[in-house]
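Comments concern the structure below.
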Amino acid sequence: MNYIEPIKDLLDENMHEHCVMFMRIGVHYESPRYYNFNNFDRDTKELTIQSTQKRLGFKIPTNFEFVFADEFWPQFKVYRTEFLINNYPTIKTI
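This is how it looks when you write it as structure tokens:
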């Protein structure tokens, strides 16, 4: 299943917001490069993307019935890396 395509606009919007905030006031451990899958709430169908380094992140409303983390994570990692390279090349991706 392609998890990214149906929520790409919302991901883009939130990633832009967090990247701009990071570039203005962030320190290295607040980088969006650390954003990862955190949780999927089956009742609200909200997907939580959160930093592995700091309590930063955002929620995305979805129409998903479930999310398999082992399928979502590789897709999000590719999305996140390409997003940063294409939009914020000064933010390190590795």
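One gets our numbering by counting positions in the sequence shown from 1 and adding 22 to each.
Backbone N, C-alpha and C define an ideal beta-carbon position, used for all residues, glycine too.
One question on the structure: do residue i and residue j come within less than 9 Å of each other, judged by their Cβ atoms?
i, j, result
"ASN36", "ILE82", "yes"
"ARG15", "ARG102", "Here the chain covers residues 23 to 116 and nothing more, so residue 15 does not appear."
"LEU84", "PRO28", "Note on identity: in this sequence residue 84 is Thr, with Leu being the wrong assignment. Result yes, Cβ atoms of THR84 and PRO28 sit closer than 9 Å."
"LEU32", "TYR57", "no"
Tell me whether residue i sits in a helix, a strand or coil according to DSSP, three-state version.
i, result
"TYR57", "strand"
"ASP126", "Because the chain is modelled from 23 through 116, residue 126 falls outside the range shown and cannot be assessed."
"GLU68", "strand"
"PHE80", "strand"
I think residue i touches residue j, with their Cβ atoms under 8 Å apart; what is that distance to the nearest whole Å?
i, j, result
"THR74", "ASN61", "Not confirmed; about 13 Å, so no contact."
"PHE59", "PHE98", "6 Å"
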